[in-house]
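2 protein chains.
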Amino acid sequence: MQSAGTACHDQLMPRVSQDHLDARRRQILDGSRSCFARHGYEGATVRRLEEATGLSRGAIFHHFKDKESLFLALAEDDAGRMADVVAEQGLVQVMRNLLDEPRDGTSTPGADWLGTRLEVSRRLRTDTDFRQRWAQRSEQLTAATKARLQWQRDAGNLRDDVDVDVLTAYLELVLEGLVSHLAMGLPADDLGPVLDLVEESVRRHRGL
Amino acid sequence: MQSAGTACHDQLMPRVSQDHLDARRRQILDGSRSCFARHGYEGATVRRLEEATGLSRGAIFHHFKDKESLFLALAEDDAGRMADVVAEQGLVQVMRNLLDEPRDGTSTPGADWLGTRLEVSRRLRTDTDFRQRWAQRSEQLTAATKARLQWQRDAGNLRDDVDVDVLTAYLELVLEGLVSHLAMGLPADDLGPVLDLVEESVRRHRGL
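Heads up: the protein sequence lines correspond to chains L and U, in order.
Here this note's numbering is used: the first residue of the first sequence is 1, the next is one more, and so on.
Here this note's numbering is used: the first residue of the second sequence is 209, the next is one more, and so on.
Right, dumping it as structure tokens:
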């Protein structure tokens with residue numbers, strides 16, 4: 001019985017450890033997200049990351065090689081969650097969630113990626129290396145948007161006189177404008193009807 | 209006769225001087241535009257501004273109190289010229305001109321404001337004082353866009369089921385997305401059809 005118990009223990013150990021590692025990784029990502037959003041990339045010091053995650057720098061950098069890797073993992077995590085919302089509800093709903101996001105650094109479920117997204121936009125403008133590292137990671141949002149639109153077209157909900165690639169690029173351009181608009185601190189109270197117009201302009205022809 | 213001649217001279221002198229001042233001011237604005245676009249606000253040193261304008265720092269700062277004032281005058285000048293294009297051809301044409309703009313720091317007539325616009329966007333994100341100084345200057349583009357749309361509506365070319373304010377905010381949001389897109393160095397070759405879609409979505413209903 002003891003050898004069987006040991007074998008069982010051996011089989012379980014890696015799984016328990018993996019669960020533990022995943023949970024710790026999640027704790028770091030969730031804690032550092034608000035830290036990056038509040039202080040920006042440069043302002044998110046190791047000290048602040050320790051406070052935000054409740055973990056020591058040793059624990060944090062056991063899971064992520066350096067701050068850059070942590071930020072990229074966070075951006076990738078957010079892009080994946082955005083892609084999930086896109087797949088379920090479409091990119092326009094992602095934008096509506098951004099509008100509903102409080103501007104005070106706190107976050108609401110489903111829309112707490114604005115801070116990360118702003119940092120990604122800023123670093124894409126200023127950092128060529130980052131641009132290359134990000135390029136492959138940003139494709140999943142485009143792919144999710146395109147898949148969603150194709151599905152909507154097959155269901156007869158989408159206009160069929162414009163290529164899905166063009167509609168995807170259109171929605172991504174509006175998202176970029178919205179992120180920039182919010183980043184500049186411009187009022188967003190009146191943008192709900194604008195998003196209605198955006199949504200309607202990719203739908204099946206009016207009057208047909 | 210001499211007193212009459214003196215009177216005439218007195219009347220002409222201010223006008224001649226004003227022409228000269230205007231020309232010199234124009235020379236400084238045109239020279240510094242490419243300098244700001246190429247090096248960014250911080251990188252546009254006084255030395256570089258001297259080289260770009262062909263004038264001494266004494267001459268430059270005789271016309272503009274400091275670099276901030278020069279940049280704001282430039283941004284205002286560009287916004288005025290954008291507003292002129294908007295009044296004549298609409299905001300979508302302004303965006304098409306941005307797409308035709310070479311990315312190498314040179315400029316083409318009618319679309320050489322991208323560099324300034326990028327700097328404005330960046331400083332709006334990072335500089336609260338600048339945000340306040342810019343607010344009043346940015347209104348002329350909104351006003352020109354709104355006037356143009358109202359004119360199009362009166363001419364029966366515009367959709368009439370969406371408020372002109374919403375259409376204005378929509379076009380400005382897309383412009384902001386385009387500026388951000390170009391600033392991030394993303395490919396713009398495929399955005400022509402996207403702007404066709406934007407233009408069509410503010411026009412009179414299809415099928416009616």
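Glycine included, every Cβ here is placed at the ideal spot set by N, Cα and C.
C-alpha gap between residue i and residue j, whole angstroms
{"i": "Asp404/U", "j": "Ser201/L", "result": "12 Å"}
{"i": "Gln152/L", "j": "Leu167/L", "result": "12 Å"}
{"i": "Glu184/L", "j": "Glu250/U", "result": "Here residue 184/L is Met; the residue named in the question, Glu, does not match the sequence. Approximately 19 Å between the Cα atoms of the pair."}
{"i": "Cys243/U", "j": "Leu257/U", "result": "7 Å"}
{"i": "Arg411/U", "j": "Arg47/L", "result": "54 Å"}
{"i": "Ala377/U", "j": "Thr126/L", "result": "28 Å"}
{"i": "Val130/L", "j": "Leu124/L", "result": "In the sequence on display, residue 130/L carries Phe and not Val. Those two C-alpha atoms are separated by around 6 Å."}
{"i": "Ala231/U", "j": "Ala343/U", "result": "27 Å"}
{"i": "Gly31/L", "j": "Phe64/L", "result": "14 Å"}
{"i": "Arg420/U", "j": "Ala252/U", "result": "Here chain U comprises residues numbered 209 to 416, so residue 420/U is not present and cannot be evaluated."}
{"i": "Ile236/U", "j": "Asp274/U", "result": "13 Å"}
{"i": "Leu171/L", "j": "Leu99/L", "result": "15 Å"}
{"i": "Thr53/L", "j": "Gly80/L", "result": "21 Å"}
{"i": "Asp165/L", "j": "Leu381/U", "result": "20 Å"}
{"i": "Leu55/L", "j": "Arg33/L", "result": "14 Å"}
{"i": "Leu390/U", "j": "Arg159/L", "result": "27 Å"}
{"i": "Thr336/U", "j": "Leu186/L", "result": "12 Å"}
{"i": "Gln93/L", "j": "Ala188/L", "result": "15 Å"}
{"i": "His425/U", "j": "Gly248/U", "result": "Chain U is shown only over 209 to 416; residue 425/U falls outside these bounds and no answer can be derived."}
{"i": "Asp369/U", "j": "Glu199/L", "result": "15 Å"}
{"i": "Asp190/L", "j": "Gln340/U", "result": "20 Å"}
{"i": "Arg137/L", "j": "Ala83/L", "result": "11 Å"}
{"i": "Ala87/L", "j": "Glu51/L", "result": "34 Å"}
{"i": "Ile268/U", "j": "Glu284/U", "result": "17 Å"}
Proximal chain L residues relative to residue i, where beta-carbon distance stays under 9 Å
{"i": "Asp398/U", "result": "Asp165, Val166, Ala169"}
{"i": "Val302/U", "result": "Those do not exist, as Val302/U stays about 14 Å from chain L at its closest Cβ, beyond 9 Å."}
Chain U contact residues for residue i, given Cβ-Cβ distances below 8 Å
{"i": "Gly156/L", "result": "Those do not exist, as Gly156/L stays about 16 Å from chain U at its closest Cβ, beyond 8 Å."}
{"i": "Arg232/L", "result": "Residue coverage of chain L in this structure runs from 1 to 208, which leaves residue 232/L outside it and unanswerable."}
{"i": "Ser56/L", "result": "Within chain U, no residue comes near Ser56/L; the closest Cβ sits about 32 Å away, beyond 8 Å."}
Buried or exposed (CB count within 10 angstroms, at least 16 for buried), residue i
{"i": "Asn157/L", "result": "exposed"}
{"i": "Leu74/L", "result": "buried"}
{"i": "Gly58/L", "result": "exposed"}
{"i": "Gln18/L", "result": "exposed"}
{"i": "Ala363/U", "result": "exposed"}
{"i": "Gly298/U", "result": "buried"}
{"i": "His20/L", "result": "exposed"}
{"i": "Asp371/U", "result": "exposed"}
{"i": "Ser121/L", "result": "buried"}
{"i": "Asp286/U", "result": "buried"}
{"i": "Arg96/L", "result": "buried"}
{"i": "Gly400/U", "result": "exposed"}
{"i": "Arg234/U", "result": "exposed"}
{"i": "Thr353/U", "result": "buried"}
{"i": "Ala212/U", "result": "With a pLDDT of 46 at Ala212/U, under the threshold of 50, the modelled position of that residue is not reliable, and no figure is offered here."}
{"i": "Val194/L", "result": "buried"}
Neighbour list for residue i in chain L, Cβ cutoff strictly below 7 Å
{"i": "Met290/U", "result": "Near Met290/U there are no residues of chain L at all, since even the closest Cβ is about 16 Å away, more than 7 Å."}
{"i": "Ser225/U", "result": "Ordered by position in chain L, no residue passes the 7 Å Cβ test against Ser225/U, which lies about 40 Å from the chain."}
Closer than 8 Å at the beta carbon, the chain L residues around residue i
{"i": "Ser329/U", "result": "Ser180, Met184"}
{"i": "Val402/U", "result": "Val166, Ala169, Tyr170, Leu173"}
{"i": "Leu357/U", "result": "Neighbours of Leu357/U on chain L: none; closest Cβ ~13 Å, over 8 Å."}
{"i": "Leu278/U", "result": "Under the 8 Å cutoff, chain L gives no residues; its nearest Cβ is about 22 Å from Leu278/U."}
Partner residues on chain U for residue i, Cβ-Cβ distance less than 7 Å
{"i": "Val162/L", "result": "Leu405"}
{"i": "Arg125/L", "result": "Ala391, Met392"}
{"i": "Ser213/L", "result": "Residue 213/L is absent from the structure shown; chain L starts at 1 and stops at 208."}
Contacts of residue i in chain U (Cβ-Cβ under 9 Å)
{"i": "Arg47/L", "result": "Neighbours of Arg47/L on chain U: none; closest Cβ ~23 Å, over 9 Å."}
Give the list of continuous alpha helix (DSSP H) stretches no shorter than 4 residues that lie fully inside the stretch 26-83 of chain L. 46-53, 57-63
Could you run through the stretch 378-396 of chain U and flag, in chain order, every residue whose CB is less than 9 Å away from some CB of chain A? The chain inventory of the structure shown lacks chain A, comprising the protein chains L and U.
Count Cβ pairs between the stretch 116-123 of chain L and the stretch 65-83 of chain L that sit closer than 8 Å; are there 3 or more? yes
How about the stretch 173-193 of chain L and the stretch 381-399 of chain U: do they share at least three Cβ pairs that are nearer than 8 Å? yes
For the structure I just gave you, are there three or more beta carbon pairs, one from the stretch 339-359 of chain U and one from the stretch 125-141 of chain L, closer than 8 Å? no
Run through the stretch 336-405 of chain U for me and flag every whole alpha helix (DSSP H) of 4 or more residues, listed as ranges in chain order. 336-362, 372-391
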